[in-house]
Amino acid sequence: MADVVAFKKEEPNGLLLRETNGAVLRLTLNNPPANALSIALMQALAAELDAVAVAKDIKVVAIAASGKVFSAGHDLKEMTLHRADEDGGKAFFERAIRLAADIMLKITKLPQAVIAEIDGLATAAGCQLVASCDLAICTDTSTFCAPGVNIGLFCSTPMVALSRAAHRKQAMEMLLTGETIDASTAKDFGIVNRIVPQQYLRQVVDKYASVIASKSPQALKIGKEAFYRQADMTIADAYDYAVGVMVENMLASDAQEGIGAFLGKRLPEWKED
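Structure follows, in structure tokens:
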């Protein structure tokens with residue numbers, strides 16, 4: 233059964249549910265009806281990501297959501313209330329938007345692989361969350377949107393993740409039109425990896441997680457960090473950097489074990505990272 237890691241007193245089921253299955257941690261957004269990224273929910277998610285970053289027993293993190301909406305993004309009602317603040321809400325807006333940006337960075341810097349499990353609408357910062365994850369698997373009825381332009385608020389922070397996940401012109405299409413795209417289009421754009429029927433979503437995510445969790449934790453940590461670091465380099469700089477990473481990886485104990493196991497036609501025994 234899922235454990236509550238953060239809660240509001242009026243919602244005994246909690247804002248963020250935590251469930252572990254072997255080496256896989258599933259975090260479920262539980263802020264109905266739209267799973268808006270309120271300050272409280274984001275704080276709970278940030279705390280979980282900080283904790284798992286140093287957890288030796290967790291190899292994969294899945295981020296899912298309860299209900300029919302994966303996440304509608306920032307809690308606009310919460311933010312609007314702070315327009316009555318002395319500064320017109322500036323400090324609160326900066327706090328909320330910075331917290332979301334920090335969460336996206338935590339995901340990319342996490343040594344574990346992170347899989348988004350989407351069933352429903354992912355919009356604005358919710359779409360940003362999907363785009364920030366290493367992998368994304370959705371149902372065939374899921375939809376995606378960067379709608380800020382529709383309300384006079386360009387999705388500038390979701391743009392950062394979208395422009396790195398989707399092709400440049402397709403990211404701009406979402407940002408400039410604010411229109412909702414279906415799962416098939418999101419896959420074409422590069423926002424999601426796979427589309428599955430709703431009844432198989434959890435099963436497929438668990439399979440991906442299980443396969444990844446079976447790999448060398450050293451290799452996964454080294455590889456994920458290298459992937460994101462080289463992405464913004466020139467091709468020459470990326471190769472120079474990757475050569476050094478690969479040499480250091482070859483010297484690591486898991487590489488020695490893995491290659492020895494391959495040559496010896498046996499299963500490798502990975503060490504804890």
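If you want our numbering, it's the 1-based position in the sequence shown plus 232.
Just so it is clear, CB atoms sit at the ideal spot from N, CA and C, and this is done for glycine as well.
Asked: Expected contact under 8 Å - CB spacing of Phe386 and Leu353 to nearest Å; Found: Not really, about 19 Å apart at Cβ, beyond 8 Å.
Asked: Span of the alpha helix (DSSP H) around Leu252; Found: A quick correction: the sequence has Thr, not Leu, at residue 252. Element bounds for Thr252: not the alpha helix (DSSP H) but the beta strand (DSSP E), Glu243 to Asn253.
Asked: Cut-off 6 Å between Cβ atoms - residues of its own chain near Pro500, not counting five sequence neighbours on either side; Found: Glu489, Gly490 and Ala493
Asked: Other residues of its chain near Met274: CB distance less than 8 Å, five sequence neighbours each side excluded; Found: Ala328, Leu331, Ala332 and Ile335
Asked: Where His306 falls, given that 16 or more other Cβ within 10 Å makes a residue buried; Found: buried
Asked: Residue environment, Val346, which counts as buried when at least 16 other CB atoms sit within 10 Å; Found: buried
Asked: Secondary structure of Ser303, DSSP reduced to three states; Found: strand
Asked: The stretch 265-282 contacting the stretch 295-313, beta-carbon criterion three pairs below 8 Å; Found: yes
Asked: Sheet register partners of Asp414 (DSSP bridge); Found: Thr375
Asked: Glu349 - partner residues in DSSP beta bridges; Found: Ile369
Asked: Cβ neighbours of Ala397 in the same chain (closer than 7 Å, five flanking residues each side left out); Found: Ala363, Gly422 and Ile423
Asked: Cut-off 7 Å between Cβ atoms - residues of its own chain near Lys447, not counting five sequence neighbours on either side; Found: none
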